[in-house]
Structures are given as C-alpha cells and as structure tokens.
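Student:
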Amino acid sequence: MAHDIIQPSFSRQDERGTLHELMNSGIWQSIITGEMKSGAIMGNHYHKETEVFFFLFSGALDAITEHVDTKSQDQFSLKAMQGVILNTNESHKLTFTEPSHYLLLKSKPYDPENPDTYHYDVIVKDAT
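Residues in the sequence shown are numbered from 52 upward in steps of one, following our numbering.
(1) Considering only their Cβ atoms, is the gap separating T101 from T146 smaller than 8 Å?
(2) Counting along the chain, where does the beta strand (DSSP E) carrying M93 start and finish?
(3) Between the C-alpha atoms of K99 and P160, what's the straight-line distance to the nearest angstrom?
(4) List the whole-angstrom C-beta distance separating I56 from V135, where the pair is believed to meet the contact cut-off of C-beta under 8 Å.
(5) On a CA-only basis, which of Q133, E117 and I82 is nearest Q126? Give me that one, please.
(6) Name the residue from L156, A114 and T168 whose alpha carbon lies nearest to the alpha carbon of I78.
(7) Quick check: the Cα distance between E72 and N95, rounded to an integer number of angstroms?
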C-alpha cells in the first residue's frame, strides 16, 4: 500500500503571479483549509465512505497509514506543495514537523448525524 505523492500537475508563474493546478480529478464536496503547529497530530481515524485529498501549501509532516482490514502500513513524508489521497478504510496519522498550512478536499461533506469518522490509532509496527 504505497501512496503516490502528488505535486501540482501544472504551474505557471509570470508577471501577474502564480497559478498551481493541485488536483484535476475526483469529485470533491467539501473544501477545508487550516494551519497546524509543529508537533501537532491530525488523524488516528479512518472513513468508511469518504476519500480525502490532503495537500500542504507550506510546512512538512510525517505520515503513517494503516488499512483497517489488511493491517498493511505505509510511511511517507510530505513537504510544501505536495499532497496525497487518503483512501477509505485507511487510518491515518499525520505528525506535523513544521508549522504548516494545508488544504483538505473530501468526497463527502461532514454530517454531524453521520460523521463517517472512526477512531483507530495508527502505531508503527515493530520491524522485527
């Protein structure tokens, strides 16, 4: 279960400014942005129905994911102007290693009556 690190598919910089095409596929119903402090942890949960595109505008993080059924894990890092798709049934733990500004696109909007968020601690498996 290796994750593809996504970078802008198109960037333009000219006298007017910059433009970055971050994602050019998928159906996204929720757009979220925010900032996290160095050392902050986001996640330790998964979604049964919601896919997530997570993108860093600035900063850096270390990530570990675990598929809740197969228990397969993946570890990777993201830096500024990189992103990743977090699939359904894949718990994620994102540890910010620098102050970061991020973007989240979700395939389903948050519904407090059915949040589709299930707690699941992601713990690095012993390599031995």
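Backbone N, C-alpha and C define an ideal beta-carbon position, used for all residues, glycine too. Small disclaimer: the values here were computed from a predicted structure and weren't measured.
Tutor: Let me spell this out:
(1) With contacts defined by Cβ atoms closer than 8 Å, T146 and T101 do not form a contacting pair.
(2) Start and end: I92 to Y97.
(3) In this structure, the CA atom of K99 is about 13 Å from the CA atom of P160.
(4) About 6 Å separates the CB atoms of I56 and V135; that is less than 8 Å, so the two are in contact.
(5) It is E117 whose Cα lies nearest to the Cα of Q126.
(6) The closest CA to that of I78, considering only L156, A114 and T168, is found on L156.
(7) The straight-line gap from Cα to Cα measures roughly 29 Å.
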